[in-house]
Amino acid sequence: MISRHPGRVAGLLRAQGRSARHYGELDTTVPLESLEQLRAAIEQQADIVPTFHLYPAGHAFFNDGRETYHAASAQLAWDRTLEFLNSHVG
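Okay, so the sequence shown: first residue is 761 according to the numbering used here, each after it adds one.
Below, the structure written as structure tokens:
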């Protein structure tokens, strides 16, 4: 599972396999302290260790149609996504 969206926690807790998540450190909709709680819940309930990536950006930093788009963070998130897929999917 690869995700840049903080929602859908119930689905995360039922996930199987590896998980990579991307978050903006400046995203006011997702408090950074909540990410450790989310990580712990995923590890405990889904029995997987998710990878969380943080970027110096705000909400929706990957969406180039929004004012919050952050090109450098979006590119790094994309590179990491491709690396994740190549490593775990093939």
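For glycine and all other residues, C-beta sits at the position ideal for the given N, C-alpha and C.
Where residue i falls, given that 16 or more other Cβ within 10 Å makes a residue buried
i: S779; result: buried
i: G777; result: exposed
Residues of its chain near residue i, where Cβ-Cβ distance is below 7 Å and the 5 sequence neighbours each way are ignored
i: Y829; result: F821, N823
Three-state secondary structure (DSSP) of residue i
i: A832; result: helix
i: A851; result: Given a span of 761 to 850 for the chain in the structure shown, any question on residue 851 remains unanswerable.
i: T788; result: coil
i: H813; result: strand
Beta-carbon separation (whole angstroms), residue i vs residue j, contact threshold 8 Å
i: H782; j: A837; result: 5 Å
i: P810; j: L786; result: Contact flag wrong, Cβ pair sits at about 21 Å.
Contact check, residue i vs residue j, beta carbons under 8 Å
i: R799; j: F812; result: yes
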